[in-house]
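Notes follow the structure.
2 protein chains.
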Amino acid sequence: MAINDLSKDLMPIASNTMADIVEVRLREYLKKKSFRPGDALPKELELAEALGVSRNVLREALSRLRMLGMIETKKKRGMVLARPDILGTFERVLDPLIIDTETLQDIFELRLVLETGLAELIYIRKTDKDIAELENIAKKEVNHDNSFRIKNEIAFHGKLYEMSGNDTLKRFQIMLLPIFDYVVTLEKKPTKGKVNHMDLVQILKTGTKEDFKKGMEAHLKPHFDRLK
Amino acid sequence: MAINDLSKDLMPIASNTMADIVEVRLREYLKKKSFRPGDALPKELELAEALGVSRNVLREALSRLRMLGMIETKKKRGMVLARPDILGTFERVLDPLIIDTETLQDIFELRLVLETGLAELIYIRKTDKDIAELENIAKKEVNHDNSFRIKNEIAFHGKLYEMSGNDTLKRFQIMLLPIFDYVVTLEKKPTKGKVNHMDLVQILKTGTKEDFKKGMEAHLKPHFDRLK
Chain V
1 MAINDLSKDL MPIASNTMAD IVEVRLREYL KKKSFRPGDA LPKELELAEA
51 LGVSRNVLRE ALSRLRMLGM IETKKKRGMV LARPDILGTF ERVLDPLIID
101 TETLQDIFEL RLVLETGLAE LIYIRKTDKD IAELENIAKK EVNHDNSFRI
151 KNEIAFHGKL YEMSGNDTLK RFQIMLLPIF DYVVTLEKKP TKGKVNHMDL
201 VQILKTGTKE DFKKGMEAHL KPHFDRLK
Chain C
1 MAINDLSKDL MPIASNTMAD IVEVRLREYL KKKSFRPGDA LPKELELAEA
51 LGVSRNVLRE ALSRLRMLGM IETKKKRGMV LARPDILGTF ERVLDPLIID
101 TETLQDIFEL RLVLETGLAE LIYIRKTDKD IAELENIAKK EVNHDNSFRI
151 KNEIAFHGKL YEMSGNDTLK RFQIMLLPIF DYVVTLEKKP TKGKVNHMDL
201 VQILKTGTKE DFKKGMEAHL KPHFDRLK
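Quick mapping for you: the protein sequence lines, in order, are chains V and C.
So in full-length UniProt numbering, spot 202 of the first sequence is number 202, and the numbers just go up one at a time.
So in full-length UniProt numbering, spot 140 of the second sequence is number 140, and the numbers just go up one at a time.
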């Protein structure tokens, strides 16, 4: 048996496994010592020595924390704890081609849940200016081809998220859009709800929060029907 | 000026920066070549040569993709594209102590939006067995101290997410719970909605989806009021 085969059978302990362990250990250390954003971390050499690992392994683990946005290197101060971008890494893995069917379906549903629940925040924060902008988007929708329709769909629902006044939620929906579109294109024919975008604008102008919830539900009904 | 100072002023190009570039390049390559889960990647040596980078830099980039769950090493087959756990990395950075106040508030709102929108899925999928279990959780709530109250709160709302039949959503809410609790403990005194858990159970038994939406809204009202 060649050495190469042997190492394949034995599955060598990759330096990656060590990086896994060091990553978790660093994470625990930062938590235990209550590090806050801006606090300086010990030097690489000290960390490597304390952990009893090579600097290469330590650097691999630090590189992961850096990728997550948990640490950053500051001029003169060295490594400090940073405020991670909580959606940054999420974005990296949201690719419809590599996500399994069940999770795709889950994400599709998640967006429906969000759009329905959004009424609460919209009715707390909507302004006349918002509604005028939304109306302009809805007005542009008539008599256009399919690619334009999708663009407008995104603009309309994106504006609704914006009106929620919640930036995290807005970024989140932008990330979910490709997944949503992917699932919709798997449908045989595009279906339309009885309540269209212009109807929703009218409800926002004169209707109650309950009216809007019912309107949004009717608007999304074809999607919900697919779940049954 | 000591060499040490100079290097601090010039900000040396870290191997980390190279790993950033290689990570993006690998990601683009996998997408362009339409790699699907299970497909084998080229060998490390080939990749390093094609990219014109050292194996150390390549390994650092691969280690990140491995951390994201995008690649895994299979016995005899080497590195293959894997199905990433889309919530795995998200979980790593969701620490209330390092997230800024505005994002904490956004996440708090996100959960309120989800709980309200959840009615759609619950009414499509709820079973009598589910409702019986939920009722048992609600029954245990009387006359207990605060720590038990929080535990039961988690059990009750967790069960509702479970009833949605959406695993991604359920895992998501488990991750958001520490953030939610953190924000709630910043309140001066715990506030209670007019509709309690037992009321919600009764609605699920005999009420319509609209009744449930209104009930949940009343249950969460103290939280929504904080937003105004």
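The beta-carbon is built from N, C-alpha and C at its ideal position, and this holds for glycine as well.
- Identification of residues in the stretch 32–54 of chain V having a C-beta nearer than 9 Å to some C-beta of chain C yields SER34, PHE35, ARG36 and PRO37, given in sequence order.
- Nearest CB-CB separation between V:GLU120 and chain C: below the 9 Å threshold.
- The beta carbon of C:LYS213 sits closer than 8 Å to the beta carbons of THR116 and ALA119 from its chain, once the five residues preceding and following it are set aside; these are given in chain order.
- Sorting C:TYR161, C:ASP199 and C:VAL53 by C-alpha distance to the C-alpha of C:ARG125 places C:TYR161 at the top.
- Contact residues of the stretch 79–107 of chain V toward chain C are LEU81, ALA82, ARG83, PRO84, ASP85, ILE86, LEU87, GLY88, THR89, PHE90, ARG92, VAL93, LEU94, ASP95, LEU97, ILE98, ILE99, ASP100, GLU102, THR103, GLN105, ASP106 and ILE107 (C-beta to C-beta distance below 9 Å).
- For C:MET79, the enclosing beta strand (DSSP E) has its first and last residue at 78–81.
- Per DSSP, reduced to three states, the secondary structure at C:LYS43 is coil, with no helix or strand assignment.
- Straight-line spacing of the CA atoms in V:LEU177 and V:LEU186 works out to 14 Å.
- Per the coordinates, the alpha-carbon of V:LYS139 lies some 34 Å from the alpha-carbon of C:GLN105.
- Burial of V:GLY215 is indicated by the presence of at least 16 other C-beta atoms within 10 angstroms of its C-beta.
- For C:ILE107, the enclosing alpha helix (DSSP H) stretches over residues 101–117.
- Between the alpha carbons of V:PHE35 and V:THR73 lies a gap of roughly 15 Å.
- The beta carbon of V:PHE224 sits closer than 9 Å to some beta carbon of chain C.
- For C:ALA82 and V:ARG226, the gap between their C-alpha atoms comes out near 29 Å.
- Exclusion of the five residues before and after C:TYR182 leaves PRO96 and LEU104 as the residues of its chain whose Cβ lies within less than 8 Å of its Cβ.
- When the Cα atoms are used, V:ARG149 and C:ALA48 turn out to be separated by approximately 44 Å.
- Listed by position along chain V, the residues whose Cβ is nearer than 9 Å to that of C:LEU177 form an empty set, because the closest Cβ is around 15 Å away.
- The shortest CA-to-CA distance from C:LYS159 to any of C:GLY193, C:LYS75 and C:HIS197 is the one to C:HIS197.
- Taking a Cβ-Cβ cut-off of 8 Å, the neighbours of V:LEU169 in chain C comprise ASP106, GLU109, LEU110 and VAL113, given in sequence order.
- Contact between C:VAL53 and C:VAL80 does not hold, since the beta-carbon distance rounds to 21 Å and is not under 8 Å.
- Excluding sequence positions up to five before and after V:LYS209, its CB lies within less than 6 Å of the CB of ALA119 and TYR123, all in the same chain and listed in chain order.
- The Cβ of C:GLU210 sits closer than 9 Å to at least one Cβ of chain V.
- Linking C:LEU41 to C:LYS76 through their CA atoms gives a straight-line distance of about 13 Å.
- Look at C:ILE71 here: in three-state DSSP terms it is strand.
- Note that the C-beta distance between C:GLU44 and V:SER63 is not below 9 Å.
- For the options C:LYS194, C:SER164 and C:VAL57, the alpha carbon positioned closest to that of C:LEU134 is the one of C:SER164.
- Closest in alpha carbon position to C:GLY88, among C:LEU65, C:ASP39, C:GLU102 and C:VAL113, is C:LEU65.
- Boundaries of the alpha helix (DSSP H) harbouring C:ASP167: 167–185, taken from the DSSP string.
- Per DSSP, the unbroken alpha helix (DSSP H) holding C:ARG226 starts and ends at 209–227.
- Burial state of C:ASN166 is buried, judged by a 10 Å Cβ sphere holding 16 or more other Cβ atoms.
- According to the DSSP assignment, V:LYS139 belongs to the alpha helix (DSSP H) that extends over 128–139.
- A distance below 9 Å separates the beta carbons of C:GLU109 and V:LEU121.
- Taking 8 Å as the upper bound for CB-CB distance, V:LEU68 and C:VAL93 are in contact here, some 5 Å apart.
- Short of 8 Å from the beta carbon of V:ARG55, and not among the five residues preceding or following it, lie these beta carbons of its own chain, in chain order: GLU44, LEU45 and ALA48.
- Cβ neighbours of C:ASP211 within its own chain (closer than 8 Å, five residues either side excluded): ILE203.
- In the DSSP assignment, V:GLY88 falls within the unbroken alpha helix (DSSP H) covering 88–93.
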